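Worksheet: the structure to be examined is printed underneath.
In this note's numbering, the protein residues as written are 6 to 237.
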């Protein structure tokens, strides 16, 4: 009887160990699969500023996809940080390792003391070949081969909202972050990106047009806060 009980107890322990081991293996596999998805397909991004209010409030979280073979007017994209610092090998290695094991939630390149190191959400407003100008913080666009200027809202396939103040009568729109500028033509591989908060946010008014190589991905879903869930 005791021997049978011992054998039963031993077999039960083996089964429990196998179950625990299986659970650990499954959890590790799930973790690695999620990391691969986050690294190559989609990843979550938390908005840390008011640059895209009112549609993307500070603290909102969105899913961004790295698969964006074509970009459209009105797309919200995430940009690479604007520091062109060449980093030593060990920092690049630590960045890749820490990003992977934190499921893309920690970025060693980001320094909160230097806003230019942060990844930034901005909206594509000007497309390659467009002629554009700005008046009172609204962009006017004449697409390539067209004859007339239209507002950014008339041309965008995706509706969006802006935050800006009506400037005083004597306000000089060329001071600071420009609220007005003369017509320019966007290059063949360039995009003009703006923040939805047009008052004091750095964007193509300061940097100039950006290239597609500077775009990390495109927002496809804003999922937090839940009440503001929206596909893009």
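C-beta: ideal position from N, C-alpha, C; glycine also.
None of these values were measured; they are calculated from a predicted model.
Comparing alpha-carbon positions, which option in the options lies nearest residue i?
i, options, result
"residue 133", "39, 216 and 204", "216"
"residue 185", "137, 50 and 73", "137"
"residue 53", "84, 63 and 143", "63"
"residue 3", "49, 18 and 26", "Any property of residue 3 remains undetermined from this structure, which presents the chain solely from 6 to 237."
"residue 234", "61, 32 and 44", "61"
"residue 230", "59, 127 and 16", "59"
"residue 205", "227, 29, 225 and 142", "142"
"residue 72", "82, 191 and 24", "82"
"residue 322", "219, 45 and 65", "Residue 322 lies beyond the stretch modelled for the chain, which goes from 6 to 237, so this question has no answer here."
"residue 3", "236, 237, 232 and 221", "With the chain running from 6 to 237 in the structure shown, residue 3 is simply not present."
"residue 124", "158, 28 and 85", "85"
"residue 144", "152, 197 and 27", "197"
"residue 149", "189, 32 and 140", "189"
"residue 51", "39, 38, 40 and 65", "65"
"residue 187", "135, 237 and 140", "140"
What's the call for residue i, buried or exposed, on a 16-neighbour Cβ count within 10 Å?
i, result
"residue 202", "buried"
"residue 214", "buried"
"residue 199", "buried"
"residue 131", "buried"
"residue 16", "exposed"
"residue 167", "buried"
"residue 191", "buried"
"residue 157", "buried"
"residue 41", "exposed"
"residue 27", "exposed"
"residue 25", "exposed"
By the three-class DSSP mapping on this structure, what secondary structure does residue i have?
i, result
"residue 199", "strand"
"residue 52", "coil"
"residue 136", "strand"
"residue 151", "coil"
"residue 28", "helix"
"residue 42", "helix"
"residue 223", "strand"
"residue 242", "The question about residue 242 has no answer here: the residues shown for the chain are numbered 6 through 237."
"residue 210", "helix"
"residue 67", "strand"
"residue 165", "coil"
"residue 36", "helix"
"residue 182", "coil"
"residue 232", "helix"
"residue 126", "strand"
"residue 84", "strand"
"residue 144", "strand"
Pop quiz: residue i and residue j are said to be a contact at Cβ under 8 angstroms. What is the actual Cβ separation, rounded to whole angstroms?
i, j, result
"residue 127", "residue 194", "17 angstroms between Cβ atoms; not a contact."
"residue 182", "residue 211", "7 angstroms"
"residue 228", "residue 68", "7 angstroms"
"residue 147", "residue 135", "7 angstroms"
Taking 8 angstroms as the threshold (beta carbon to beta carbon), is residue i in contact with chain C?
i, result
"residue 62", "Considering every chain present, this structure includes no chain C. It has just one protein chain."
Assess contact between the stretch 64–80 and the stretch 157–169, defined as three or more Cβ pairs (one per stretch) separated by less than 8 angstroms. Is contact present?
yes
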